[in-house]
Each structure stands twice: as C-alpha cells, then as structure tokens.
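First the structure, in the form of structure tokens, and then the observations on it.
2 protein chains.
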Amino acid sequence: MADGGTQIKRGRKFDQVLDGARKIFMSDGYEGASVDDVAKAAEVSKATLYSYFPDKRLLFMEVARLECCRQTEHALESIDMTQPVRDVLCNMCQHMMKFFLSPFGQRVFRICVAESDRFPELGREFYASGPEHVAASIMSYFDDAIDRGELQIKDRHLAAHQLIELCKADLFPRLVFGIDTEFSDEEINNVVTGAVDMFLARYGV
Amino acid sequence: MADGGTQIKRGRKFDQVLDGARKIFMSDGYEGASVDDVAKAAEVSKATLYSYFPDKRLLFMEVARLECCRQTEHALESIDMTQPVRDVLCNMCQHMMKFFLSPFGQRVFRICVAESDRFPELGREFYASGPEHVAASIMSYFDDAIDRGELQIKDRHLAAHQLIELCKADLFPRLVFGIDTEFSDEEINNVVTGAVDMFLARYGV
DNA sequence: CCGAAATTAAACGGATCAGTTTATAAACGA
DNA sequence: TCGTTTATAAACTGATCCGTTTAATTTCGG
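Protein chains in written order, with the working numbering: chain A, 1 to 205; chain B, 1001 to 1205.
Written as structure tokens, this is what we have:
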C-alpha cells in the first residue's frame, strides 16, 4: 500500500536480499546455505539482512513461498482451455513436466521434502501454492469438460491427482535420485502421451 | 566367509553400530543426526564407531542401502502372482502404498531426496534397490500376463512406472508435505482401486 | 593365564555457522 | 545544511559438530 516497491514490508534493499537468498538457497539447499553467502550474493551486509528478516528460516520461507506462487501462476496462465480435451490434457502435462524436470522445480521439491518435517509450515505452504493449487485448476477444467460431455469422472479429486502423478512416471524419480540429469523431448513426449492415453482410456467418453 | 556374524567385515559390535545409526538417522535425518548421538544409541564409543566406518557419510550409506534392500525384498516376497490380474495388481499397489506411507518409507524417501545431490551415490543406490528393483519385478509379471493374453502392453517400462506413480496419487504428497500424518484404510483402498481401474482401462484385454 | 586385539571415556583441535554488536559511513528528507 | 534513518564492515559470542588422540580397561583366543 504505502510502499513504492513490490513488498509490503519496508526497505530499499529488501528485494536484493530476497534475490540473493533465492540464488543461494536454490544452489545450496537450506542447510548448505550460509547466511554470509546469502549476504554476499545479495551484495548486502549481514546486519542489513537481519534487519529485514528475524532469522534464516523465515527468510527461506519467504523465498520458497514467493517462488512457488510465481511458478504456479506462470504455468497456469499459459494453458488454453478452449482446445480439444486431448490437447488441453497434453498441454497441462507438458507444463507440469517442464516444471517438475526444471532445475528450479527440482531444487524446490528437494528442499521442501527435506525440510518439511523439521519445518512444517514450509511443507504446508508449498503444498498449498503448488500441488493443491494445480489440482484445483485441473478440477475446475474437469467440471467444464464433464458438463460438455467430454469426460466422465466421478471422483474429480482423485482424477486430478492421478493426472499429476502420471506426469512423474519414470523420468521424475530418475532425476530426483540423480540417475540422469536431463531428458530428450522424445522421452518427455513419450511420458506425456502415455499419461494422456491412460487418462482418456479411463475417463474419456 | 571367515566371520561368524552376518557381516563380511570385521567386528563384534558392528551390528550394534548399524542398528544405532539406523535408529538415529531415521528419526533425525542425515544432517540432524550427530555422530555422538549415534554412538550413544548404539551403546558404543565413538572411537569404535569410527573404527568400523571411516566417516558419517559412509555409515549412512550403509544404513540406507541395507534398509532399502530389506524393505524391497520383504515387499516382493509377499506377492502371490497366481491370482487373477486385477487381484495381483491390487496386491502390488497395496504393498507399494503401505511402504510409501509408512513412517520408515517416508524417512528414507525424505533423506534420499534431500541428500542425493550432495551425495550422488546414495541416490543411485536407493534408486537401484528401490524403484528400479520394484519396476523390474512388475515388468517381469507383465511379461507373464501378456503371454497369457491378460494384458496388452507395448511399453512395459512406462507401464510399470505409471503403476508405481499412480500409487502415490493424492495421499503421498499430503504425507510428504505434512498436510496429514495418517490415512484410513478406506482412503488407501480408494487410491488402490482407482489406480488399478485406470491401469486396466488402459492395458486390460 | 597371558598377550594381542578390541573397546572405552574423555578431552581436544579445528572448523563452521547463526546471530549480535559496535563504530563508521552513506543516503536522504526537510 | 542538518539530523535521522539506513547501510556497512568486521570482530565477536556461543554453540555445534566431525573426527582424532590418549591412556586405561576389557575381551578372548590359544
């Protein structure tokens, strides 16, 4: 409201701090990142950093929350719901996989999984701004498609989460556990097609 | 060979060390566990611990490797492949979900995800003794079922990983990110049935 | 029962790191 | 230009923790 920047909170170098923190946390993880490194990357003194954030945890939470929202919104706004069902589903899966398999998506997932039992709020915020948000959008699309008679789904909640999970088949674990570091478009399309084929075999008209 | 115990390596208190390490690592994670705590839990001096394992990492790797093998084997040996396809698939899914949702499965997953980019061998070993091993067993069952004309699958590899991933729908993320801590049998059966329904809609005869 | 191997407790070295403090300097509004 | 707010660098505190060392004790085979 009162601030000219994007943040409600005070500050001239506030965004610098967030940017530096994001950079370091994303490349080093939560435990691996030292506050000194964050301050250095932000080109800000440690005292300044601590004048904005009371401790390392809250700084990290803010970074994670912001990034999850940003990414989820970006993914959602670039899906065109007017295409045929198969195409819409393929698009959704493409976007989800692109995020799952991106270095950034990997990092966020890794950190949230690692820290969310020692740091429950983080897990909850990530889930709300990530999986839950996406699932809600998918379900909303299902509603329309069901109304138009293009899909037959009883348990929309389950169906949405099944679709999400199908996008993780094979490639995602291989990336998370370091078997591979990147995949060809062919591999990705194969999984996307497989997911949509399976989904439509079950819920198509 | 030469040793009376179960271990190839030397030692009288070797197993004590592993047991204590498993207990502490599973309850505190890798970073959260201190070697002193491990030694205490193992009722062993730290010097003894270090006489068996050169450092904390290798100790953890050995614990993780052993536990993954143990759990995977246990799950595999209790599946009866002679039942009708639908029942076998339900059984498989039940077993997988039981593991995914167990406190132990959660712990291992969490730690392996967290540590596997700073500690690549761990991720690889976990993947090999977990997902890959399970997928191989599932594919081997597919081969038989296909021969008997009970399933129609072109890409067996993809199908196996799709089945695995369908078992994680909804409940698994909710547990990983701390939304819920346990689930009713009804919820679990719902996901299992949903997974098998979907799988058979796609690959059933 | 002896002597080698294993085990122990306890302290220590060296390193990292979160968060505070202090004294100084820059930025900026009035 | 003055005074307040904001930022800075650097040293410091207090704590944790890995891994080593030492000197004493226990275990156990032969």
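We put the CB at the ideal spot given by N, CA and C, even for glycine.
Against chain A, a Cβ distance below 8 Å from B:P1120 picks out G178. Contact between B:A1064 and B:L1122 is confirmed by a C-beta separation of about 6 Å, below the 8 Å threshold. When CB distances to chain B are screened at a threshold of 8 Å, the residues of the region 126-157 of chain A falling below it are F126, Y127, P131, D155, H157, in chain order.
Within the same chain, Cβ atoms closer than 6 Å to the Cβ of B:R1174 are found at D1180, the five residues on either side in sequence being excluded.
Contact of A:D185 with chain B is not assigned, every C-beta pair being separated by 7 Å or more. Non-local C-beta neighbours of B:V1044 in its own chain, meaning closer than 8 Å and more than five positions away in sequence, comprise K1013, Q1016, V1017, G1020, ordered along the chain. Rounded to whole angstroms, the separation of the alpha carbons of B:E1125 and A:G178 is 10 Å. Between B:R1202 and A:M198, the gap from beta carbon to beta carbon is short of 7 Å.
Comparing alpha-carbon positions, the option among A:I164, A:V192, A:V35, A:C69 lying closest to A:F53 turns out to be A:V35. At least one CB atom of chain A sits nearer than 7 Å to the CB of B:S1116. Nearest Cα to B:S1129 within the set B:I1024, B:K1040, B:E1031, B:R1070: B:R1070. Between the alpha carbons of A:L151 and A:L163 lies a distance of about 14 Å. Of the candidates A:G29, A:E73, A:H74, A:T72, A:G29 places its Cα closest to the Cα of A:K56. A:H95 sits away from A:A114, with the two beta carbons spaced by 7 Å or more. Going by DSSP, B:C1090 is part of the alpha helix (DSSP H) stretching over 1085-1101. Going by beta carbons, A:I138 and A:A160 fall inside the 7 Å limit. Nearest to A:C112 by C-alpha distance, out of A:F25, A:K154, A:F172, is A:F25.
B:E1031 sits close to A:E31, with the two beta carbons spaced by under 7 Å.
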